[in-house]
Every structure is written in C-alpha cells, then in structure tokens.
Amino acid sequence: SQPWIDIAKDVKRVVVADGVLSLGRNAFNNFINLESIKFSNTIKEIGQTAFSNCTKLQEVDLPQSLNKLDLYVFKECTSLKECIIPNSVTQIKAGAFYYCTSLEKVQLPVGINKIESWMFSNCTSLKSIEMPNQIDSIGTYAFNACTSLTNVIIPNSVTVVEEYAFNFCKGLKEVTIGKRVVDIGDGVFRECDSLVVVNSHMENPKPINQNTFKNYEGVVLNVPIGTKDKYQYTSYWSKFSTINEIFDDIEN
70 SQPWIDIAKD
80 VKRVVVADGV
90 LSLGRNAFNN
100 FINLESIKFS
110 NTIKEIGQTA
120 FSNCTKLQEV
130 DLPQSLNKLD
140 LYVFKECTSL
150 KECIIPNSVT
160 QIKAGAFYYC
170 TSLEKVQLPV
180 GINKIESWMF
190 SNCTSLKSIE
200 MPNQIDSIGT
210 YAFNACTSLT
220 NVIIPNSVTV
230 VEEYAFNFCK
240 GLKEVTIGKR
250 VVDIGDGVFR
260 ECDSLVVVNS
270 HMENPKPINQ
280 NTFKNYEGVV
290 LNVPIGTKDK
300 YQYTSYWSKF
310 STINEIFDDI
320 EN
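Going by our numbering, 76 is the number at position 7 of the sequence shown; the sequence numbering is gapless.
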C-alpha cells in the first residue's frame with residue numbers, strides 16, 4: 070500500500086528512518102520524480118516492486134543491514150547507473166534490475182547462490198558482470214538483451230545455465246564456461262551475433278541444442294587439453310568449425 074500516493078509525483082528524496090525493518094510491496098512504485106534514497110542501518114528487506122518505475126532514480130546506496138531484495142524491486146528504474154549490493158544480502162529475487170537501461174555497474178554480494186531469472190534482462194548499458202564464486206546457477210533470461218556485454222565468465226561453481234540466459238546479447242564477443250557446468254539450456258547464447266570465441270573448461274561436455282549458439286561457423290572453441298575428441302563427438306559442440314586444445318585448468 071502507498072499511504073503517500075497523493076504526493077508521489079512531488080517526492081524527489083526518500084529517507085528511511087532508523088528502526089524500519091522492511092519496505093513493503095509497491096512502497097514507492099511509480100514515484101517518477103524520485104532521485105535519491107537514504108536507507109536506515111536497520112532495514113533488512115526491500116519488498117516486491119518497492120521502487121519499480123522510479124525513472125529518475127540514479128544511484129542507490131544499500132545498507133549493510135540488508136538481507137533481501139524482492140521481485141522486480143528496481144524494475145524499470147531507467148536512470149539507475151550503479152548499484153553496489155552489500156555482502157549482507159543473501160537473496161536477490163527475479164527481475165530485480167529488469168529493464169534498468171542505464172545500469173552500467175553492479176557489484177553482487179558473495180552470499181547469493183543464483184542469478185535469478187530476468188535479474189538483469191534488458192540492462193542495455195551493462196558492460197561487465199563479475200559473478201561470485203558461490204553462484205551455482207544462472208536463471209532463465211537472466212542477462213537477456215544486455216547488448217553492451219562483451220565478455221562473460223561463468224565461474225567454476227556454476228553447474229546450470231538455464232534457457233536463454235544470455236539471449237540477444239548482441240555485443241558479446243567472448244564467453245568462458247567453467248568446468249563444473251553440466252546443463253546448458255536451450256537458446257542460452259541465441260542471437261549473440263558478435264560471438265567469436267568460446268572458452269569451455271568442461272572436461273566431459275554434455276550435449277547441447279542446435280540453437281544454444283546462433284553461429285558455429287567462424288566461432289573458435291577452446292577446450293581443455295585431451296578433450297577435443299569428446300567435443301567432436303558430442304551433439305552440436307561438434308558443429309564448431311575450429312576446436313583448439315589449450316587449457317590445463319581454470320582459476321576463476
């Protein structure tokens with residue numbers, strides 16, 4: 070609920086007082102002139118779509134007390150450029166930064182274990198993302214249409230990359246796949262027109278679907294030493310025109 074809905078268009082700054090533990094669903098949704106927020110050091114949870122469609126919000130300084138960001142919490146905050154998420158946060162729900170088209174930099178906390186579905190979808194200004202080594206899965210459409218991403222490293226901790234996770238990343242040139250990945254979903258790198266290098270550290274590649282990658286011709290696949298034959302006899306990895314054995318191990 071929004072008891073202050075009648076003044077929503079006039080609010081430019083929000084100060085969350087000490088003692089407040091959570092912000093509820095839609096708390097400041099559609100506060101279209103909101104430019105800044107100051108959080109208390111007691112707040113633990115920010116609710117679903119709490120700041121959705123705050124289109125003038127440019128910067129968010131989240132407190133060390135925070136544990137959870139709920140669904141679509143900053144959805145369509147189209148002026149938001151940077152967000153540093155403290156390591157106290159252990160849950161970031163789906164679509165948290167969906168369609169934040171100006172977002173260039175985000176620092177993820179070390180305590181989360183999944184990049185949820187749609188989390189950064191349509192963040193067209195996001196140039197890079199560093200995933201914590203505790204991440205074990207990347208959700209459906211997590212980075213869909215992040216057209217400014219050029220290089221992605223999927224860490225060794227990841228075992229599952231769900232469908233269309235990096236779909237339509239038109240600027241993506243190089244991707245590194247960690248050695249523990251056992252499931253790469255349909256269309257994960259579909260419509261990645263600029264992709265030229267795939268570094269796979271998987272020693273026992275699992276079959277992928279035809280449209281996991283858009284192109285196989287002209288894309289170089291680099292694999293661990295002694296595994297080229299496995300890739301050449303595994304469905305759709307075999308479609309890569311160039312397969313090089315160059316890796317002993319991966320440190321990331």
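Backbone N, C-alpha and C fix where the C-beta goes; we use that ideal spot for every residue, glycine too.
Rounded C-alpha distance that separates residue i from residue j
| i | j | result |
| --- | --- | --- |
| Val251 | Thr296 | 15 angstroms |
| Pro274 | Ser304 | 9 angstroms |
| Trp187 | Tyr233 | 10 angstroms |
| Ile315 | Val288 | 16 angstroms |
| Ala366 | Cys192 | The structure shown does not extend to residue 366, since the chain is modelled only from 70 to 321, so the question has no answer here. |
| Val292 | Pro201 | 23 angstroms |
| Leu138 | Phe166 | 10 angstroms |
| Asn225 | Val267 | 15 angstroms |
| Gln279 | Asn156 | 38 angstroms |
| Gly180 | Gln160 | 8 angstroms |
| Asn321 | Thr147 | For Asn321, the predicted model reports a pLDDT of 44, less than 50, meaning its position is unreliable and no value from the coordinates is stated. |
| Asp298 | Tyr285 | 17 angstroms |
| Val158 | Phe212 | 20 angstroms |
| Ile319 | Asn313 | The predicted position of Ile319 is uncertain, since its pLDDT is 47 and thus under 50; no value can be drawn from it. |
| His270 | Tyr302 | 16 angstroms |
| Ile277 | Ile294 | 21 angstroms |
| Asp75 | Glu272 | 60 angstroms |
| Asp317 | Cys169 | 38 angstroms |
| Ile198 | Asp87 | 32 angstroms |
| Phe258 | Trp306 | 13 angstroms |
| Gly164 | Glu114 | 16 angstroms |
Beta-carbon contacts of residue i that lie in its chain and below 7 angstroms, excluding the five residues immediately before and after
| i | result |
| --- | --- |
| Gly240 | Thr216, Ser217, Leu218, Thr219 and Ser263 |
| Asn82 | One detail in the question is off: residue 82 reads as Arg in this sequence, not Asn. So the qualifying residues of the chain are Glu104 and Ser105. |
| Glu173 | Lys150, Glu151, Ser194, Leu195 and Lys196 |
| Lys308 | Tyr285 |
Nonlocal neighbours in the same chain, by C-beta distance under 8 angstroms from residue i, ignoring five residues either side
| i | result |
| --- | --- |
| Ile112 | Val85, Val89, Leu90, Ser91, Leu92, Pro132, Ser134 and Leu135 |
| Asp124 | At residue 124 the sequence reads Thr, which differs from the Asp that was named. Hits under 8 angstroms: Ile101, Glu145, Cys146, Thr147 and Ser148. |
| Thr209 | Ser186, Trp187, Glu231, Glu232, Tyr233, Ala234 and Gly254 |
| Ser206 | Asn182, Lys183, Ile184, Val227, Thr228, Val229, Val230 and Glu231 |
| Ser71 | Residue identity differs from the one stated: residue 71 is Gln in this sequence, not Ser. Once the five neighbours on either side are set aside, the close Cβ partners of Gln71 are Ala77, Asn95, Ala96, Phe97 and Asn98. |
| Asp79 | Asn102 |
| Trp73 | Val80 |
Sub-7 angstroms separation of residue i and residue j beta-carbons
| i | j | result |
| --- | --- | --- |
| Ile223 | Gly256 | no |
| Ser171 | Ser190 | no |
| Lys162 | Glu185 | yes |
| Lys150 | Gln117 | no |
| Phe282 | Glu260 | no |
| Val227 | Ile204 | yes |
| Phe143 | Phe120 | yes |
| Ile154 | Leu177 | yes |
Same chain only: Cβ atoms within 6 angstroms of residue i, ignoring 5 sequence neighbours per side
| i | result |
| --- | --- |
| Val221 | Val244 |
| Lys242 | Thr219, Ser263 and Val265 |
| Asn99 | Asn122 |
| Asn110 | Pro132 and Ser134 |
| Thr311 | Val289 |
| Cys152 | Val129 and Val175 |
| Arg249 | Asn225 and Thr228 |
| Tyr300 | Pro274, Val292, Trp306 and Ile312 |
Residue i - DSSP class collapsed to helix/strand/coil
| i | result |
| --- | --- |
| Ser40 | Only positions 70 to 321 of the chain appear in this structure, which leaves residue 40 out of reach. |
| Lys137 | strand |
| Ile76 | helix |
| Ser310 | coil |
| Asp130 | strand |
| Asp317 | coil |
| Asp262 | coil |
| Asp87 | coil |
| Asp298 | helix |
| Val289 | strand |
| Ser304 | coil |
| Arg249 | coil |
| Ile277 | coil |
| Val227 | coil |
| Ser269 | strand |
is_contact[residue i, chain B] using C-beta, thresh 7 angstroms
| i | result |
| --- | --- |
| Thr245 | Chain labels in this structure do not include chain B; a single protein chain is all it has. |
- prompt: Counting only runs that start and end within the segment 141-218, where is the beta strand (DSSP E) found for 3 or more residues in a row?
  reply: 151-153 and 174-176
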